[in-house]
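**Q** This is the structure, below, for whatever I ask next.
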Amino acid sequence: MARERKFTDDELFKATKSLLIEEGYDAFTFSKLASIMEVSRGSIYKYYENKDELISEFLMYEMNRFLKGFNELDKSGDFQTQFYLVIDFIFQHSEIHQILEIINQIPKKSSNRVSSNQTQLNTYHTDMYKQFQSLIEQGKKERVIKSHLSDAIILGMTFQTIAIPNHFGIPQDEWVASIREILSEGMFQRE
């Protein structure tokens, strides 16, 4: 008779996310994860051969959740309305930037399962950027974004704003509104 699993995927992935964000990929171990979850390491090894399999499965889970939420955004408005929705969405999922960085830290030749997940994650990553790029193109068509600016620079700057640490403890809504304003209107006074 099979033993009952002591945790759900959601519980496992929530603890995995917490540990990865706190300590990073290199410091992540099944021992630490098991301690957080109050289970034995063996109970995790029953489902995952090593940390790379678990982390790549977690990354798939996170990207699926992120893309599902992104795809549910109302994309019927003009560029500025959509841009504000996207910026707000990105900041609600601000850890996605940190999580995406972990993809590159997993060794390329871990296992077939990990390689398959990495291939799928790269596809998700590319699809996500294509969706954001189509938004940038809409902004250029509506003449809201200057046509000579590189899409890559606009995308890079937009995503890098998520990584800016809020060392001064500015309230989140004010922080997001200020970044959104700088991205959409610049920081110089216009007369």
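Sequential numbering of the sequence shown, starting at 1, is according to full-length UniProt numbering. Positions of the beta carbon are idealized from the N, C-alpha and C atoms, including for glycine.
Cα separation between residue 269 and Ser-18?
**A** The requested residue 269 is not part of the displayed model; the chain covers only 1 to 191.
**Q** By the DSSP assignment, the alpha helix (DSSP H) with Asp-52 in it spans what residues?
**A** First-last of the alpha helix (DSSP H) with Asp-52: 51 to 71.
**Q** Would you mind giving the Cβ-Cβ distance between Ile-44 and Ala-34, rounded to the nearest angstrom? I have them listed as a contact below 8 Å.
**A** Confirmed, Cβ separation roughly 6 Å.
**Q** Give me, in chain order, the residues of the same chain whose beta-carbon lies closer than 6 Å to that of Glu-142; leave out the 5 immediate sequence neighbours on both sides.
**A** Correct list, in chain order: Phe-79.
**Q** Should the region 68 to 88 be called in touch with the region 115 to 127, which here means at least 3 C-beta pairs below 8 Å?
**A** These segments do not touch.
**Q** Using a 10 Å radius around the Cβ and a threshold of 16 neighbouring Cβ atoms, would you call Lys-109 buried or exposed?
**A** Burial call: exposed.
**Q** Could you give the residue range of the alpha helix (DSSP H) that holds Thr-123?
**A** 112 to 141 is the span of the alpha helix (DSSP H), which, as asked, contains Thr-123.
**Q** Measuring alpha carbon to alpha carbon, tell me which residue in Asp-88, Glu-57, Leu-100 is nearest Tyr-129.
**A** Looking at the Cα atoms, Leu-100 is the closest of the given residues.
**Q** What is the DSSP secondary structure of Ala-2, reduced to helix, strand or coil?
**A** Note that Ala-2 scores 44 on pLDDT, short of 50, meaning its location in the model is unreliable and no value can be drawn from it.
**Q** Pop quiz: Leu-155 and Gln-133 are said to be a contact at Cβ under 8 Å. What is the actual Cβ separation, rounded to whole angstroms?
**A** Yes, Leu-155 and Gln-133 are in contact; Cβ-Cβ is about 6 Å, under 8 Å.
**Q** Under three-state DSSP, which class holds Lys-14?
**A** Three-state DSSP puts Lys-14 in a helix.
**Q** Taking Cβ positions, are Ser-111 and Glu-11 nearer each other than 8 Å?
**A** The answer is no: Cβ separation not under 8 Å.
**Q** Taking all protein chains shown into account, do 16 or more other C-beta atoms lie within 10 angstroms of the C-beta of Asp-74, making it buried, or fewer, making it exposed?
**A** So Asp-74 counts as exposed.
**Q** Taking the CB atoms as reference points, tell me whether Arg-180 and Tyr-84 lie closer together than 8 Å.
**A** Yes. Within cutoff.
**Q** Hey, Ile-145 and Ile-153: beta-carbon distance below 8 Å or not?
**A** Contact flag unset, no.
**Q** Which whole-angstrom value describes the C-beta separation of Tyr-47 and Phe-13, a residue pair presumed to lie in contact below a C-beta threshold of 8 Å?
**A** The pair is not a contact, with the Cβ atoms about 12 Å apart (cut-off 8 Å).
**Q** Identify whether Lys-32 lies in helix, strand or coil by the three-state DSSP scheme.
**A** Helix, per DSSP.
**Q** How is the alpha helix (DSSP H) around His-97 delimited, first residue to last?
**A** That run of the alpha helix (DSSP H) goes 95 to 103.
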